[in-house]
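A quick write-up on the structure given underneath.
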Amino acid sequence: MPHTSPPIALSTPNQNLVRLTMMRGITWTGFLLVIIFGINVLQFHLNVLWVIACIMAMGLINLLTWWRLGRRSAVSDQEYVLHLLLDIAGLTLLFCLTGGATNPAISYLLLPVTIAAATLRWRSTLLIASVAILSYLMLMFCYIPVPELSRQLPNLPFSLHVIGMGITFLLSVVLLIFFVSKMALALRIRDRTLARTREAALRSEQILAVASQAAGTAHELGTPLSTISVIVSDMLEDADGQPQLQEDLQLVKQQVDTCKAHLRTLADSARRQAGSVEEIGAEEWFKRVINRWTVMRHDMDFQLDVARGRPPLIEVDATLEQAMMNLLNNAADADPNNIEIQLYWENQQVVFDIRDHGDGVPLEIADQLGDTFISTHSKGMGIGLFLTHSTLDRFGGSVRLYNHEGGGTLTEVRLPIAYSAQ
Numbered sequence: 072m073p074h075t076s077p078p079i080a081l082s083t084p085n086q087n088l089v090r091l092t093m094m095r096g097i098t099w100t101g102f103l104l105v106i107i108f109g110i111n112v113l114q115f116h117l118n119v120l121w122v123i124a125c126i127m128a129m130g131l132i133n134l135l136t137w138w139r140l141g142r143r144s145a146v147s148d149q150e151y152v153l154h155l156l157l158d159i160a161g162l163t164l165l166f167c168l169t170g171g172a173t174n175p176a177i178s179y180l181l182l183p184v185t186i187a188a189a190t191l192r193w194r195s196t197l198l199i200a201s202v203a204i205l206s207y208l209m210l211m212f213c214y215i216p217v218p219e220l221s222r223q224l225p226n227l228p229f230s231l232h233v234i235g236m237g238i239t240f241l242l243s244v245v246l247l248i249f250f251v252s253k254m255a256l257a258l259r260i261r262d263r264t265l266a267r268t269r270e271a272a273l274r275s276e277q278i279l280a281v282a283s284q285a286a287g288t289a290h291e292l293g294t295p296l297s298t299i300s301v302i303v304s305d306m307l308e309d310a311d312g313q314p315q316l317q318e319d320l321q322l323v324k325q326q327v328d329t330c331k332a333h334l335r336t337l338a339d340s341a342r343r344q345a346g347s348v349e350e351i352g353a354e355e356w357f358k359r360v361i362n363r364w365t366v367m368r369h370d371m372d373f374q375l376d377v378a379r380g381r382p383p384l385i386e387v388d389a390t391l392e393q394a395m396m397n398l399l400n401n402a403a404d405a406d407p408n409n410i411e412i413q414l415y416w417e418n419q420q421v422v423f424d425i426r427d428h429g430d431g432v433p434l435e436i437a438d439q440l441g442d443t444f445i446s447t448h449s450k451g452m453g454i455g456l457f458l459t460h461s462t463l464d465r466f467g468g469s470v471r472l473y474n475h476e477g478g479g480t481l482t483e484v485r486l487p488i489a490y491s492a493q
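Residues in the sequence shown are numbered consecutively from 72, following my numbering.
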């Protein structure tokens, strides 16, 4: 079957909760170490039982969060908001037991607000900010004082309060840079993924419209092609003794038969709803495409260079063959003389390079090729490149057009090696 995307990673709320849990573990471990240092070294007078109970409760919440992240169900935004509220509640209780608003770590209440602003919608952010403000206001009046925080350290012009504020500032900066920036990056990646998904959906709608129109046109072309075939056969009978005319008529008849064969293939594919996907050697398949191309195009001169070694397997179907035919025809239309074709493989990909010696790709449309109906030549409709791009994308491949430094256009097609061959 065609190339499938790898399994989707954890959703953005899941990833953010993982980082929040890690940050919570670092923060409360730091609080525990500071409190132990303050009690044993600086002789702080605290309600040790309640302080340790608060820290252990947040540790238990962290363990339960890790267990929950191991479950299959995705984390919702509401659950993520609840975790931020739990962090504010834990911080409020700890600060209430250790000096309230006079605690130098009180500014740490800004961290949940910053996280909410970077990762949540404005209503959720407003809720988190309001709770944090209320907590701060409450801690201005309701708290157990810690007189030792204002103590002047010997040989230093700073009090413990100032030093604590500095440590809190440094810790907050580190956590913001390392964790919050990653949370914001996850959101940007999600937005880009959604944008690509919308573009892919739009492209699929355009392809469906083209396919519907092609089916109707194929049905309508059957009658005039049959009429042309009959007329050419009659003209061949009347052209006895005119070798040049017979040769031209034979070529016309051959092209008409080719068109009728394409229409039959299109009808068969429509009845099957999808082409049969097969695994085949890259060289064997590409030479098959080249042979079919040479039957249709008698006016070109090309060179085929295949890398040494055993060619890997790739997944193909009739639509992929048609996509390569479109690119080969574009090269022949640009300049039928001295078309250089290369086949090689690298980094789990098979690469087809097609270089013509035409006028190259106009710079003003180079970035739009394959995304919409834009053609590289005046008589083209641009549908070929658009469908080629979509087909290769469906197989996990890509096509890029470059202006070659030696003149002309270099078309680079990349297809992934079949999974069974990797």
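Positions of the beta carbon are idealized from the N, C-alpha and C atoms, including for glycine.
Assignment of Val323 by DSSP, reduced to helix, strand and coil, places it in the helix class.
For Glu150, the closest C-alpha among the options His116, Leu191 and Leu113 is that of Leu191. Straight across, the Cα-Cα distance linking Ile186 with Leu242 is about 15 Å.
Annotated three-state conformation of Phe373 is strand, per DSSP.
Met94 and Glu219 have their alpha carbons spaced roughly 28 Å apart. Per DSSP, reduced to three states, the secondary structure at Leu384 is strand.
Of Ile132, Gly161, Arg143 and Arg263, the smallest CA-CA separation from Trp121 is found for Gly161. Gly101 carries a helical assignment under DSSP once its states are collapsed to helix, strand and coil. By the C-beta criterion, the stretch 124 to 133 is judged not to be in contact with the stretch 192 to 211, since fewer than 3 inter-stretch pairs fall below 8 Å. A residue is called buried when at least 16 other Cβ atoms come within 10 angstroms of its Cβ; Asn401 meets this threshold and is buried. Counting along the chain, Gln413 sits inside the beta strand (DSSP E) bounded by residues Ile410 to Glu417. About 6 Å separates the CB atoms of Trp137 and Thr92; that is less than 8 Å, so the two are in contact. The straight-line gap separating the alpha-carbon atoms of Gln374 and Gly293 is approximately 36 Å. By DSSP's assignment, Ile425 forms a beta bridge with Ile412 and Thr482.
Distance from the CA of Glu411 to the CA of Val421, rounded to the nearest whole angstrom, comes to 17 Å. Put simply, of Val360, Gln114, Phe108 and Ala145 the residue whose alpha carbon is nearest the alpha carbon of Gln86 is Ala145.
The residue among Arg363, Leu153, Asn408 and Ala200 with its C-alpha nearest the C-alpha of Thr329 is Arg363.
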